[in-house]
Structure formats: structure tokens, C-alpha cells
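Working notes for the structure below.
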Amino acid sequence: MEKVGTYISVILPLRLEWNPCYFVPEGEGPVARGDRVSVRFAGRKYTGVVRDTGIVPGIDESRILEILDIVRDMAPVTEDELRLWEFVSEYYLCSVGEVYKAAYPAVKIDGELVSLRSKERARAAVDKKVAAVRARLERTGTILARRKELLARAVKQAVKDRYAEDVRKYEAEAIHLGEELMRLASPEVDDVPGNEPPLHVPSLSAAQKEALGRIKTGMSDKKPVLLDGVTGSGKTEIYIVLALEALSRGKNVLYLVPEIAVSRQLEDRLTSVFGSRLLTFHSKETPARRYSVLESVRHGGYVLLGTRSAVFLPHRDLGLVIVDEEHDPSYKQDAPAPRYNGRDTALMLARIHGADVILGTATPSLESLYNCRTGRFVKVMLSEKYFGNTDTEVEIIDTSAERRKKGMKGSFSFRLIAKVNEALSSGGQVLLLRARRSYAPSLQCTGCGDIPHCPHCNVPLSWHRQEGVMMCHYCGSRFSYTGACGRCGAPLEPLGAGTQRVEEEARELFPGARLARLDSDTSSSASAGKDVVKAFSDRKIDILVGTQIVTKGFDFGGLSLVAVIQADSLLGQQDFRADERAVQMLGQFMGRGGRRGQKGTFVIQTSRPSHPVYRLFSGDYRNEDLSEEMLSERYAFGYPPFSRIVQVIVRDREEKAAEDLAAELAGVLMKEYGVPCQAGGGSGTVSVMGPYPPAVDKVSDLYIRHIRILMKKGPELAGMKRRLDATVQEFCRVRQCAGNIVLDVDP
Ligand code: ADP
Ligand code: ZN
């Protein structure tokens, strides 16, 4: 029998290299790209998205399944969303389904359905009420007409009075019921935002105005603008003015930040300007919250403050995209796929919507500086702090030298102790930074010298003394702490100090001070973190000990001393970006101080004081010089931003298997691209490096090997990436190892 209907391809939330084909019988009604359909795939039911309609199936038609249903209750995915998914899938070498899954996680879809159902129930309840009120109104109308008739016919004054009284009563009731009906009939009473307060435009300083002018010139050239503004220069106020202007043009605004968990300060500031137009969104929202944000986004008229996954909301009419702290590595998602960078995806999103883009930071990424150099971005500098520039006194303390001179007490040098006391006695606040949470980053046996490691990962266990456990920061495993070596039974001793120990030492050294700690252990509930931040900005805390999370955009007025306890942990690592990151992080640390025109002090404790990264802060170097130096180094080695890196990650439960598979694949790739060229202005456009074990070569019982592919930038880049993807796919197909290999673009 001839089937009547159409064939469609469907995007499923899976890692599939193709979009399976389904049949939609004519009786189901019309179906279009973006519609949601419920289908069966490999024995399970999924809600998918129609990618194309009217396709010619590549396989025998009798083997093609019918869809189960067209999900008409859910808003279709827009063409803009689909284009972004396709873009991301192509760029980050992943399937469109994986992007769909990130954009609409199962909880979101369920939330949407649950909420729809409860909405339907609410609507049904309203309908019932309307019918009841209408019936009462009719009855009242009938009685009223009857009383009016009687009133007209009445002769005796007393009777007249009684009927007149009745008429007034029933007239009042009719008016009341009529109003009630109107209220019930007005569409979705709760969804309409209340009366908005008038928007208040902040007044900018002369320097900010001047920067704003140049930003607008850049935007009118249709180019993304990099706002390179020193910390405390008031970049936020500039974003606000731009956002207000976009809203007044009837456009919406996306405002990306690297982290939202503790960024209460920014949220409060933006709420005071945008009122209920401000929406916030991050990846850990409850389904109900997600749904309500989704609805508000579809409604329009918003400024959405969110983390990277906010790029996948169903945005409409975006007029402006703000990426704050554009250099921040937490914009990159490492796992699972799509392994995308929120900043770069935001640029794609803006291009789709024709929206203006502003990337702001005090410590630009080399990528963005490079883009400014090539003319792809426009760079605008803002080098004046809003409350005036002050010289920050920078002191670099050589901890090895101090230790030799007996000038250290635990993690603190005597010089730092003096600085802290000085700051406290003049009523200032102190921020102590230590990049490692825990009491001790590792432990060592005093007998046999063994360092306890995670049985699942190749990393030492950190000692969380307060919780009485040894913990793996990679897989989260916990082991109770007995204090004795598991091998020989001798006592364990802590190696180094994490934030908990620094806090403990500080309590002993500065007994009068009010102390708190902020790291991902203490801020595991977002509200706890926000409380600490609030208490610190209200000056109810004198000394705050924390990890990097303290530095992300916080604006504390009373801070006079910022000290990095053990800065060397920021260097090291075999990553070619390590120095860049260290400079950015130290720059951000330093920028937390001196924000109200007061003189700040910045102390770096290090055992490698002559490292160029530190020299930058002692004034021997200028930031521009260091960036130049790093850029020429990258050029020499052919590293990004002069090329792109695709990291091939090979994993296996057996170390030997991971190694062999990686070696075999590297061989295939080298053959494919010719001899691995020595990068650096070299002749080849592709070079293959590795396989080599990464710094942590075993995580969660999987051994890891990396192969690094460097591709020169140029018109062939997209093609080369596709070819790499195809080669790896084919290798996986032949070796049946698709689960062992993933690609990470721009790691
Ligand atoms: P940045 O993000 O550039 O480090 P912020 O935007 O946090 O700097 O601004 C630093 C401080 O200056 C904040 O307390 C902010 O409220 C204040 N500020 C900046 N610009 C203005 C302005 N135009 N009017 C009033 N206060 C401002
Ligand atoms: Zn582990």
C-alpha cells in the first residue's frame, strides 16, 4: 500500500553522526523545520527536533519508522537556534544532537511539559470561573430588569423606595461581576510584567563617555569591540548604558559572565537598573526556573545575565551581547560535548542576530588582542579608574630566601604579617588568596615517604581536615582520614597549605580579626557564598581567605591589602597558556584592591621571584610588553592565536590499550598530513604532536593520552577540521572505538 505523507530528518539528543529519518503520515498535519516530534529510536522514546522535511530517504522506505507524535504544545525551535546549533556542531566537531542536548537538557523539556500541564489546569480553572460569573451576571441582569419594571409600575412611595433600593443593589452587583469577568478574560494575568519603574540611565565620567563614543563607532562598523579597561574603571556602567539603549530600540540583551554562583553584587546592581526586565540563568537552575526564564525570553524585553549555557536560550531580537571577563577560562566547557567556548559561541550568536558585541576585561586574552591586531575587533582602552587612579604598592616576597633567613611562620612571611597588621590597624580589609582549597593539597608518610593517591586518578589526595577526609579533586572520591599511612602505618604529615590551613594560621596570627573563608567548599550552596560576599562588602569581616572565585568581578570598597600566599601554583603546568593565565589571574587579584581611590597594597609570595610573570607586577615590565612577548613566542611555536589546536583525547581502562590506540591513531594522522612539521612559521599547514600523557594522565579509572593537532589559520582551516573529523570517525568505525576518542577544539 502506498504511504501518504512526508519523510523528515530528526535531531535527537545523542552523539549521532547522522540525523535519522522518520515518516509523518498526512493525517498528522503539516510539519516544519524546528517542530518537536516524539519518536522511537533504538527502543527508546525521545523528543527530537525536525531538521529537514520532504527528504528522500536513503534506505528502504519500509524500514523507516513513523513518528509517534508531533508535540504541538512546545514552542518550535527557531531558525536562529538551529543555525547556532549547526554552527557549533561544525566548529567544535560534535553532532548537532549534542548541541541540542546542551540547549534543551532533558530536565528542561520535562519542566516545560510539567509546566504546560499545570498551566493547562490553571487555564481550565479560569474557564470554569468565567462560566460561573457569567451565569451569575445573567441572573442578576434578569432580576434587575424585573425590579426596574416593578419600580416603573409602583405607586406607593414606600414600595417605590424599596424597588429603587433593589435596583441600586443589583446594578452595583452587575458592575462588580462585569469587572470580574473582564479581569478573568484578560490574557494570562500573571505573565504580564507589572508596571515597570522608569529606567534610570547612569551618568558616566568623562573617560567613560569618551570610551563609549569609541565603542559605538566600532559597533557602527559592525565589529565586535574589545573594551580593555583597567579594574575599577566602571566597565559595568558602560555595559548598562549600552543595554539600556538596546532595550529602547526594542531589542534584547545577553550579558554573559564566567560564573554566577556568587556574583550577587552584579545581580543587585543590574536589578536596581533593569527591575523585572533582568533575568538570570545558569546551568544549575531548577526545571521550573528554566521554564519561566524560557517563557520570559520568548516574551522579549529582557536583559539576560547568564553563564555560558545562556547562549542556547531561544533568544529573539538580540541587539547586544556583552561578554564580561572575556579572558576567563571558565567560558570553556571541557566536558561533555559540545566542548564549546561561551565567548566564541556568543560571537556566532551575535552574528546570527546582527547584534552588537562588547567583550570586556582588564586582562585581554591573547586571542582577542590578536583579533584586534588583524582588524577583526576594535579595541577601546579605558585606563582611568572611576574613583581615580592610585599607585598600588607591589611587594614581591621571595619565600625561599625568607625561609633560609627564618623569616617565615607557616605560610606567612614576617613581612606579610606586618603588612596585614598595618592594614588592619588602619581599618582596612585584607584578602588572602590561595589557589588550592582543602587543608593540605597532599599528604606524605613520615615513615616510608609515600604520598597517598586516588585509586581512580593519578593525583594525590588532598586533606580536608574539617570534614576528616582525604579527597580527590578530580573524581570527588572521599576516604576517611586516619592519620596513618596505608602502607606502613607511620603518621602522615601535610605537604603545603590549602585555604583551610591558611585560614587556621591566620586565626592564630591575627587573633582580633574577624575571619572568613570562601572557596567552592564553603560556597557549595550559592547562598552561603553570597552571605560571605555580602558580609565582606558590609565590612563585617576583616580578613577573607579564598581561592580564585573571590576575584571574579567583586567590588569591595574597603579592601586595602591583597596578598597571594603561594603564587607559584599559578605558574607551572605544562599548558602553553599557563603564563597568560597567571598574568590574568594576578592582574584580577591586584584589581580587587584600591577601588575607591585609596592606596592599595599587593603582595606576592613566591619562590621564583625572577619569573617574568611577577616582574610584570613589580613595574619592570608593562602589560603590553608582556603580551607582545607572549604573542611572539606563540608565533614562533605556531601556537594559537596564530593557529588552531584540536586536541584528540584517547581514553581506555587499560593504560597499554590507551597508549597503543593513541599511537596507532597518531600514525594514521601523520600519514594523512605528511611528516609532522616543526611548527613555527614552518612550511606545513598541519602538525601532529604526540601522543603524550597529560599532566593528570588517569581520571576516574580511565587512562588518558593526548594527540595535539595544530592547524594554521587560513581559508582552508574549516576544510582541514572537517577532514580531521572524518579521518577520526573512520578510524573509530574500523577499530570500533568511538567511545574512546573525543575531539576538543580550542582546548
Ligand atoms: P570594573 O568592572 O571595570 O572593574 P566596576 O564596573 O565594578 O569596574 O566599577 C568600579 C566601581 O566604580 C563600582 O563601585 C561602580 O559602582 C563605580 N562606578 C563606575 N562607574 C560609575 C559611574 N558612572 N557612576 C557611579 N559609580 C560608578
Ligand atoms: Zn579520583
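Quick note on numbering: numbering that gives the first Met the number 0 labels position 467 of the sequence shown as 466, and the sequence is numbered without any gaps. Here a beta-carbon is modelled for each residue, glycine too, at the ideal position from N, C-alpha and C.
In its own chain, which residues sit with a C-beta less than 7 Å from the C-beta of residue 591, not counting the 5 before and 5 after it? 430, 550, 553, 555, 558 and 561
Residue 450: buried (16+ other C-beta within 10 angstroms of its C-beta) or exposed? exposed
Would you call the segment 412-428 and the segment 457-471 touching, i.e. three or more CB-CB distances under 8 Å? no
Helix, strand or coil: how does DSSP classify residue 609 here? coil
Does the beta carbon of residue 666 sit closer than 9 Å to a beta carbon anywhere in chain C? This model lacks chain C altogether; it includes just one protein chain.
Please find out if some non-hydrogen atom of ligand 1 comes closer than 8 Å to the beta-carbon of residue 554. yes
What is the DSSP secondary structure of residue 712, reduced to helix, strand or coil? coil
C-alpha gap between residue 701 and residue 269, whole angstroms: 44 Å
Rounded to the nearest angstrom, what separates residue 624 and residue 616 at their Cα positions? 12 Å
Tell me which residue opens and which closes the beta strand (DSSP E) that residue 320 is part of. 317-323
Can residue 699 be considered in contact with ligand 2, in the sense that its beta carbon sits closer than 8 Å to one or more heavy atoms? yes
For residue 727, is the classification buried or exposed, using 16 other Cβ atoms within 10 angstroms of its Cβ as the cut-off for buried? buried
Tell me whether residue 444 counts as near ligand 2, meaning its Cβ is closer than 8 Å to at least one heavy atom of that ligand. no
With DSSP as the reference, label residue 540 as helix, strand or coil. coil
Anticipated Cβ contact below 8 Å, residue 334 with residue 14, distance rounded: Contact flag wrong, Cβ pair sits at about 13 Å.
Kindly provide the ranges of any beta strand (DSSP E) runs that are 3 or more residues long and lie completely inside the segment 372-444, ordered along the chain. 377-381, 392-397, 428-432 and 441-444
DSSP three-state assignment for residue 52, whether helix, strand or coil: strand
Taking a contact to mean a Cβ-Cβ separation below 9 Å, would you say residue 643 touches residue 710 in this structure? yes
Less than 9 Å between the C-beta atoms of residue 749 and residue 256, yes or no? Outside the shown range of the chain, which is 0 to 746, sits residue 749, and nothing can be said about it.
Mind checking whether the beta-carbon of residue 254 lies closer than 8 Å to any heavy atom of ligand 1? no
Can at least three beta-carbon pairs, one atom from the segment 270-288 and one from the segment 392-404, be found at a separation below 8 Å? no
Given the structure, does residue 391 come close to ligand 1, in the sense that its CB is under 8 Å from one of the ligand's heavy atoms? no
Ligand 3 and residue 328: does the residue's C-beta get closer than 8 Å to at least one heavy atom of that ligand? Summarising the ligand content, the structure contains ligand 1 and ligand 2 and does not contain ligand 3.
Taking 8 Å as the line, does the beta carbon of residue 257 fall inside it for any heavy atom of ligand 1? no
When DSSP builds the beta bridges, which residues end up paired with residue 668? According to DSSP, which records beta bridges pairwise, residue 668 is partnered with nothing at all.
Apart from the five residues on each side of it in sequence, which residues of its chain come closer than 6 Å, Cβ to Cβ, to residue 688? 707
If you check the beta carbons only, do residue 607 and residue 567 fall under 9 Å apart? yes
Beta carbon of residue 362, beta carbon of residue 326: below 9 Å? yes
Can you tell me where the beta strand (DSSP E) holding residue 587 begins and where it ends? Not the beta strand (DSSP E): residue 587 falls in the alpha helix (DSSP H), residues 577-590.
Endpoints, the alpha helix (DSSP H) within which residue 73 is located: Per DSSP, residue 73 belongs to no alpha helix (DSSP H) and is neither H nor E.
Beta-carbon proximity check, residue 501 vs residue 564, cutoff 9 Å: yes
Can you look up residue 624 in the DSSP assignment and give me helix, strand or coil? helix
Under DSSP, the alpha helix (DSSP H) around residue 286 begins and ends at which residues? 286-298
Tell me which residues share the same chain as residue 662 and place their Cβ nearer than 7 Å to its Cβ, disregarding the 5 neighbours each side in the sequence. 690
For residue 473, verify whether its CB is less than 8 Å away from any heavy atom of ligand 2. yes
Nearest-angstrom Cβ-Cβ length linking residue 773 and residue 496, presumed shorter than 8 Å: The requested residue 773 is not part of the displayed model; the chain covers only 0 to 746.
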